[in-house]
Amino acid sequence: MKLSGADIIVRTLIEQGATTVFGYPGGQIINVYDSLYKYRDEITHILTAHEQGAAHAADGYARATGRPGVVIATSGPGATNLVTGIATAYLDSVPMVAITGNVPTTQLGTDSFQEIDITGITLPITKHNYVVGSVEELADTIREAFRLASSGRPGPVLIDVPKDIQVAQCEFTEQEPVIPEPGQAAKEIRIRDAAECINMSQRPFIYFGGGMITSDAEEELLKLAEILDAPIGCSLMGLSAIPTDHPRFLGMQGMHGHYASSMAMHKADCIIALGVRFNDRVTGNRAKFATHAQIVHIDVDGAELDKTVSAAHSMRGDLKLTLGRLLPLLNQKKLPEWRKTVEGLKAEERRTSDSRPGLTPRSAILELNKFLGENTAVATDVGQHQMWTAQNIRLKTKRRFISSGGLGTMGFGMGAAMGAAIGTNERSVLVTGDGGFGMCLNELATAVTYRIPVVILLMNNGVLGMVRQWQTLFFRRHYSNTVLDRKTDFVALSKAFGANGARASSLEELDKALELAFNCDGPFVVECMIDKDEFVLPMLPPGGSMDDIITKVGESDE
Amino acid sequence: MNNFTIAVLVRNQFGVLNRVTSMFRRRRFNINSLTVSETESPGLSRITVSSSGLETDKKQLINQLYKLPDVCSIKELNITESVACELMLIKVKNDPESRADVRDAASAFGAKTLDYTRESIIMRLTGTSRELDAFTDLMRDFTILEICRTGIVSLERGATTISKMEI
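These protein sequence lines are chains A and B, in that order. Letter by letter, the first sequence follows residues 2 to 559 of the working numbering. Letter by letter, the second sequence follows residues 7 to 173 of the working numbering.
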């Protein structure tokens, strides 16, 4: 069958199972939009308010489903507007295929209208990218992009298609969807060495990250914990891989991690690190990080091994397959003393945790928990609310916590929550702040148009809280440009967009507002009033170690 | 800090050198020399990178290269088990007083004269980077007008080839 390049793009997307895509039309991608019209019964295109929102939506869709998210944009500004979204996906290893139009091949390199070198721009933020050279190679390029995006450590792939290639015709034969490259276990000898090290440990600690979700290795993880009698912690990216109420789970690590989790890792004599990359937000001062511990590090990306923290045993391999080989080599442990230590840390955490009555950031999230279904995806923006959510949200199902961890993209949440709702075919939740929401709230229009059910819990403290927190602690309370002296009425704003909203200044009002929100058809904004001086605690100061942990802000800091 | 040389076979595609060097820049690898050329297979180019750093830097550089889809194989070429050389063209001032000394030095190093005018002499020298450095250093006694070096090319000794190596 002879098809145009534009038709081939859409047919190949359908062939690869991408039946929902996000994007924004324009001059150099108009042919593809004509094909989207032609095949509209087989593929749904969600038109966002801005290309950035489309990229974040594709990202949220991918995180929630595990399948590559697809975003389409035109050349020039359409393409550059994707950049933050692509970078966000890259830093969090999210599979994504971005398709951009470009000026005709003969005009490339001449600074034509809306021409930009998007492959040059996205070189450092994609796993790979392509400028398609001929219509004959178009279908296979898209297939390869899907395979690359979802193989090994996933990531975004961009395909730039000059206009003449969208117009040109060639034969097209549908193929089976591509299969990601099969993973491999680490080398046997390395697994044996690591097993020996783990078997000698008296205080083992398991620390996992986003790789756990990608590799679907949670069953092996829990078996490992049972064999080692070990507590478990995770990075922000690991959240949702196992239920947050699992008895061995101590919660998130790092700068704003749970006290017991961070402390247990600090005291461990062996850290089994699975699908993590020891980001500075986790380790703090690397020279003082886990000084008592031997580290066993398994990751599918060899470049993450010994990159920032050198491990006693590091091995490249798929987590599920490698753990499968490792488990039979381990001796069943019983470590009552280590358990006691960990229980002590948990008690200490409970003692210092925020139990103030009334509406606080923590009580707001705990209130939200009451409304969450087993399968509800919770997205966040970036900042204080993100950490409050990460610390307190109750998650039951894998892939249901959607947050920009690596890049820390404010404005990520609204698009991501829409993508997650579409991907799960269920109501999703966005927890956001007035700063982050302000960046991409235009997507409220999209959620209204498509009646995408998103409950938006907007924690409004009138300030850029996270930066303000640093200013309080480290910059002598010079609140430079962090006070949002805005007069935005978010309830009225949501109505202006055609959505609904309610304001909550107490727990009772929050309960009522959430009740409305979770029964609403389409998006609903719950504006939750938060004091501007609320802190995210505990806090490991940047570059600090566990000895510097701040668990409360006392008089001396005021 | 150690010097190391790595040979990389890459798919001979538009922009591939840019992908490799962009990664070096982004990851802040310190590159001393880089050469690219076609190989015995039309679809493949060979990049020879010489860099210096710690053992962990070397591992990181190899692992990051390995992640580029256009990279087909990677091999570290260590000094004892490979041959390496570089080519240099050097133009010095032709001065009646120093002419004889320049000629002596050139013959000691085996440099060939390619161009000889009243004002200047161009010599070609092939050898290890160290030999080229030493010759350059000698020429500083005279007046160096211009230098152009190719960067290191290197092959493993014996019958093994990079393409048969596992990444």
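Cβ coordinates follow ideal geometry from the N, Cα and C atoms, glycine included. Keep in mind that this is a model prediction, so the values were computed, not measured.
Under a CB-based cut-off of 8 angstroms, is P102/B close to chain A? Sequence index remark: in the second sequence, residue 102/B carries index 96 (1-based). Output row for P102/B: interface = no.
Using three-state DSSP, classify C529/A as helix, strand or coil. Walking along the first sequence from the start, residue 529/A turns up at place 528. Of the three classes helix, strand and coil, the one that applies to C529/A here is strand, per DSSP.
CB of I403/A within 8 angstroms of CB of A391/A, strictly: Translated into positions along the first sequence, residue 403/A becomes position 402. Translated into positions along the first sequence, residue 391/A becomes position 390. No. Outside cutoff.
Between which residues of its own chain and H314/A is the CB-CB distance below 8 angstroms, once the five residues before and five after are set aside? By 1-based counting over the first sequence, the position of residue 314/A is 313. Correct list, in chain order: R191, D194, A195, C198, Q295, I296, V297, H298.
Quick check: L159/A and I87/A, are their CB atoms within less than 8 angstroms of each other? Residue mapping note: residue 159/A aligns to position 158 of the first sequence, counting from 1. Residue mapping note: residue 87/A aligns to position 86 of the first sequence, counting from 1. Contact: yes.
Within the continuous beta strand (DSSP E) that includes T41/B, where are the two ends? In the second sequence, counting from the first residue as 1, residue 41/B sits at position 35. Per DSSP, T41/B belongs to the beta strand (DSSP E) from 37-44.
Count Cβ pairs between the region 444-460 of chain A and the region 494-503 of chain A that sit closer than 8 angstroms; are there 3 or more? Below 8 angstroms, enough C-beta pairs join the region 444-460 of chain A and the region 494-503 of chain A to call them touching: three or more.
Please classify C154/B as buried or exposed, where buried requires at least 16 other C-beta atoms within 10 Å of its C-beta. Sequence index remark: in the second sequence, residue 154/B carries index 148 (1-based). It is exposed - the Cβ of C154/B has fewer than 16 other Cβ atoms within 10 Å.
Against chain A, does N69/B count as a neighbour if the rule is that its beta carbon must be under 8 angstroms from one of theirs? Indexing the second sequence from 1 puts residue 69/B at position 63. Contacts with chain A at 8 angstroms (Cβ-Cβ) include N69/B.
Would you list the residues sitting across from A90/A in a DSSP beta bridge? In the first sequence, counting from the first residue as 1, residue 90/A sits at position 89. For A90/A, which the question treats as bridged, DSSP gives no partner whatsoever.
Anticipated Cβ contact below 8 angstroms, G466/A with Q385/A, distance rounded: Start at 1 with the first residue of the first sequence, and residue 466/A comes out as number 465. Start at 1 with the first residue of the first sequence, and residue 385/A comes out as number 384. Contact between G466/A and Q385/A holds, since their C-beta atoms are separated by about 4 angstroms, short of 8 angstroms.
With the cut-off set at 8 angstroms, would you say E368/A and D246/A are in Cβ contact? To locate residue 368/A, count along the first sequence from 1; it is residue 367. To locate residue 246/A, count along the first sequence from 1; it is residue 245. In this structure, D246/A does not lie closer than 8 angstroms to E368/A by Cβ.
Among S57/B, G49/B, F20/B, which residue has its Cα nearest to the Cα of T41/B? Numbered from 1 along the second sequence, position 35 holds the residue referred to as residue 41/B. Of the listed residues, the one whose Cα sits closest to T41/B is S57/B.
Which value, in whole angstroms, describes the spacing of the CA atoms of R163/B and S88/B? Here residue 163/B refers to the residue found at position 157 of the second sequence. Here residue 88/B refers to the residue found at position 82 of the second sequence. So the two alpha carbons sit approximately 5 angstroms from each other.
Have a look at T489/A, N332/A, G18/A and flag the residue whose alpha-carbon is nearest the alpha-carbon of S202/A. By 1-based counting over the first sequence, the position of residue 202/A is 201. Of T489/A, N332/A, G18/A, the residue nearest in Cα terms is N332/A.
In the DSSP assignment, what residue or residues form a beta bridge with G70/A? The residue you call residue 70/A lines up with position 69 of the first sequence. Within the DSSP secondary-structure output, G70/A pairs in a beta bridge with M97/A.
Would you report the Cα separation of S151/A and N82/A, rounded to the nearest angstrom? Along the first sequence, one-based indexing puts residue 151/A at 150. Along the first sequence, one-based indexing puts residue 82/A at 81. If you take the alpha carbons of S151/A and N82/A, they lie about 23 angstroms apart.
Under 8 angstroms by beta carbon: chain A residues contacting P75/B: Numbered from its first residue, the second sequence carries residue 75/B at position 69. In chain order, K128, H129, L149 make up the part of chain A whose C-beta sits under 8 angstroms from the C-beta of P75/B.
Determine the extent of the beta strand (DSSP E) in which T120/A is found, giving its start and end residues. Stepping through the first sequence from its first residue, residue 120/A is reached at position 119. Note, T120/A: premise wrong, no beta strand (DSSP E); alpha helix (DSSP H) at 119-123.
Mind listing which residues of the region 26-54 of chain B have their C-beta closer than 8 angstroms to chain A's C-betas, in chain order? Within the region 26-54 of chain B, the qualifying residues are S28, M29, R32.
For chain B, find out if any of its Cβ atoms is closer than 8 angstroms to the Cβ of A518/A; answer yes or no. Numbered from its first residue, the first sequence carries residue 518/A at position 517. Closer than 8 angstroms: no.
Would a C-beta distance cut-off of 8 angstroms place G210/A and C235/A closer than the cut-off? Here the question's residue 210/A lines up with position 209 in the first sequence. Here the question's residue 235/A lines up with position 234 in the first sequence. For G210/A and C235/A, yes; Cβs fall inside 8 angstroms.
For the alpha helix (DSSP H) containing R510/A, list its first residue and its last residue. What you label residue 510/A is simply residue 509 of the first sequence in a count that begins at 1. Position check: residue 510/A holds Glu in this sequence, whereas Arg was assumed. E510/A -> alpha helix (DSSP H) spans 508-518.
Segment limits, alpha helix (DSSP H) that includes V492/A: Working through the first sequence from its first residue, we reach residue 492/A at position 491. Run containing V492/A: 491-497, per the alpha helix (DSSP H) assignment.
Roughly how many angstroms separate the alpha carbons of R326/A and A187/A, rounded to a whole number? Locating residue 326/A in the first sequence gives position 325, where the first residue counts as 1. Locating residue 187/A in the first sequence gives position 186, where the first residue counts as 1. Cα-Cα distance, rounded: 9 angstroms.
Supposed contact pair I531/A and N461/A - C-beta distance, whole angstroms, cut 8 angstroms: Translated into the one-based positions of the first sequence, residue 461/A becomes position 460. Translated into the one-based positions of the first sequence, residue 531/A becomes position 530. Between N461/A and I531/A a beta carbon distance of about 6 angstroms is seen, short of the 8 angstroms cut, so the two are scored as contacting.
Our contact map puts S94/A next to P183/A with C-beta atoms below 8 angstroms; I'd like the distance itself, whole angstroms only. Start at 1 with the first residue of the first sequence, and residue 94/A comes out as number 93. Start at 1 with the first residue of the first sequence, and residue 183/A comes out as number 182. Contact doesn't hold; Cβ gap of about 18 angstroms is too wide.
Just to confirm before moving on: does the CB-CB distance between G463/A and K533/A stay below 8 angstroms? Here residue 463/A corresponds to residue number 462 of the first sequence, with the count starting at 1. Here residue 533/A corresponds to residue number 532 of the first sequence, with the count starting at 1. Contact: yes.
Closest by CA to D165/A, which one among E305/A, E52/A, R144/A, V136/A? Here residue 165/A refers to the residue found at position 164 when the first sequence is read from its first residue. With respect to the C-alpha of D165/A, the residue from E305/A, E52/A, R144/A, V136/A having the closest C-alpha is V136/A.
Residues in the region 340-361 of chain A having any Cβ partner in chain B nearer than 7 angstroms: Taking 7 angstroms as the Cβ-Cβ cut-off against chain B, none of the residues of the region 340-361 of chain A qualify.
Does any C-beta atom of chain A lie closer than 8 angstroms to the C-beta of K65/B? The residue given as residue 65/B occupies position 59 in the second sequence. Flagged as an interface residue toward chain A: K65/B, by a C-beta distance shorter than 8 angstroms.
S241/A, DSSP secondary structure in three states: For this step, residue 241/A is matched to residue 240 along the first sequence. Looking at S241/A - three-state DSSP - the assignment turns out to be coil, as it is neither helix nor strand.
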